[in-house]
Amino acid sequence: VICSEKCFENPRVVDNLVTGAQLGVQSLPIITEEEFRFPSETFFQELEQRGIENCGHKVHVIVPIIRSVFQEIAIVVKPADYSTTEAILLVRSSEIARRLDSA
């Protein structure tokens, strides 16, 4: 799961997460932006208070799926950073491949 700012408010992201959960697919969070914030209890409470459906999915379905994404330790990959080199990207991509292979 590519984790960027407000990604869990994006209907396409939510729809793909729900589909993946229904198929039993495991996820690996990859943080790509400095602005990304892990979903907090406040975030989940606000979702539940709004009671909105996202992509036709009810909040009580969405919340546990988003929570489950972070059962794995996230990998930080920020290709837009000035200090990110090709070598760093190769190390990060190797780590992603290794973690996906072991899942």
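For the sequence shown, my numbering assigns the number 815 to the initial residue and increments by one for each residue that follows. Quick reminder that beta carbons are idealized off the backbone N, C-alpha and C, glycines included. Computed from a prediction, not measured in an experiment: that's the story for all the values here.
| Check | Outcome |
| --- | --- |
| Check residue 876 in the structure and name its three-state DSSP category. | helix |
| Taking Cβ positions, are residue 909 and residue 887 nearer each other than 8 angstroms? | no |
| How would you write the range of the alpha helix (DSSP H) that residue 833 sits in, first residue to last? | 825–837 |
| Can you tell me where the alpha helix (DSSP H) with residue 915 in it begins and where it stops? | 900–916 |
| Using 8 angstroms as the cut-off, can you tell me whether the region 827–844 makes contact with the region 868–883, which would need three or more C-beta pairs spanning the two stretches below that distance? | yes |
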